[in-house]
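Novice: Following this message is one structure expressed as structure tokens.
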Amino acid sequence: MHDDDTVEQDGVPVSAPARAWAECATLFDLRALVVLGDHLVGRAGLATVEDLARALRPRGRGVVLARAALEAVRPGSESPMETLVRLDVVDAGFPEPVLNHEVFDERGTFLGRVDMCWPGLRIALEYDGDHHRERDVFRHDQRRGNGFAVNGWIVVHATAADAARPAVLFERLRQAFAART
Numbered sequence: 374m375h376d377d378d379t380v381e382q383d384g385v386p387v388s389a390p391a392r393a394w395a396e397c398a399t400l401f402d403l404r405a406l407v408v409l410g411d412h413l414v415g416r417a418g419l420a421t422v423e424d425l426a427r428a429l430r431p432r433g434r435g436v437v438l439a440r441a442a443l444e445a446v447r448p449g450s451e452s453p454m455e456t457l458v459r460l461d462v463v464d465a466g467f468p469e470p471v472l473n474h475e476v477f478d479e480r481g482t483f484l485g486r487v488d489m490c491w492p493g494l495r496i497a498l499e500y501d502g503d504h505h506r507e508r509d510v511f512r513h514d515q516r517r518g519n520g521f522a523v524n525g526w527i528v529v530h531a532t533a534a535d536a537a538r539p540a541v542l543f544e545r546l547r548q549a550f551a552a553r554t
């Protein structure tokens with residue numbers, strides 16, 4: 374191991390986050406490795422994409438898979454499902470979305486941050502987990518959605534059911550893109 378491969382946790386040397394990610398390439402499939410990579414370089418702030426790249430060994434087990442995953446890792450995803458939906462959307466031929474983009478109206482008033490979007494087209498894609506069904510969250514989402522709508526944004530919503538069978542989600546996105554192009 375190299376010096377930057379380990380960190381000390383409670384006095385015990387353990388694999389550094391980027392090194393642990395590279396080691397997981399022997400255990401995980403591509404999508405799971407991308408989810409982990411997005412988490413490390415995103416909200417957790419435990420590594421950078423460059424750290425992940427440096428953790429790869431030229432001939433190590435899983436290096437081919439890890440290199441493929443590294444190509445898809447993006448800072449900005451805030452949940453595993455956001456990452457999985459993004460991967461599906463890109464695999465379906467849609468352009469790479471901007472992640473967790475802050476949206477403002479023409480006066481500069483903050484409207485909200487969307488999970489992923491295509492800002493030039495004013496199309497947003499929001500992944501709504503189960504907590505979006507809670508009363509207060511639902512009400513907040515409704516007010517926020519109205520703000521986007523009156524400012525010319527098309528917001529497409531996705532749930533776990535859409536992620537499991539994304540054909541309907543892709544059709545909604547195709548319709549949104551057709552309306553803007």
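In terms of the working numbering, the sequence shown opens at residue 374 and continues consecutively. Cβ coordinates follow ideal geometry from the N, Cα and C atoms, glycine included. None of these values were measured; they are calculated from a predicted model.
1) So what does DSSP say about V446, is it helix, strand or coil?
2) When DSSP labels each residue in this structure, what does T456 get in the three-state scheme?
3) According to DSSP, simplified to helix, strand and coil, what is F602?
4) Please tell me whether A465 and L403 are closer than 9 Å, where the distance is taken between their beta carbons.
5) Using three-state DSSP, classify W526 as helix, strand or coil.
6) Applying the criterion that 16 or more other CB atoms from any shown protein chain within 10 Å of the CB defines a buried residue, is E381 buried or exposed?
7) Give the single residue among R430, L429, A391 whose Cα lies nearest to the Cα of V411.
8) On the premise that M489 lies in contact with P470, defined as a C-beta separation below 8 Å, what is that separation, rounded to the nearest angstrom?
9) Near L443, which residues of its chain fall below 8 Å by C-beta distance, leaving aside the five closest residues on each side in sequence?
10) Output needed for P468: all residues of its chain with C-beta closer than 7 Å, excluding positions within five of it in sequence on either side, in chain order.
Specialist: Taking the geometry as given:
1) If DSSP states are grouped into helix, strand and coil, V446 belongs with coil.
2) Here T456 carries a helix assignment [DSSP, helix/strand/coil].
3) This structure does not reach residue 602, given that the chain is present from 374 up to 554, and the question cannot be answered.
4) Between A465 and L403, the C-beta spacing is not below 9 Å.
5) Coil, per DSSP.
6) It is exposed - the Cβ of E381 has fewer than 16 other Cβ atoms within 10 Å.
7) For the sequence presented, residue 411 should be read as Asp rather than Val. Just measuring C-alpha positions, the residue of R430, L429, A391 sitting nearest D411 is A391.
8) That belief holds up - the Cβ atoms of P470 and M489 are roughly 4 Å apart, short of 8 Å.
9) Same-chain partners within the cutoff: G410, V422, L425, A426, L429.
10) Excluding its 5 nearest sequence neighbours in each direction, P468 has C-beta neighbours in its own chain below 7 Å: W491, listed in chain order.
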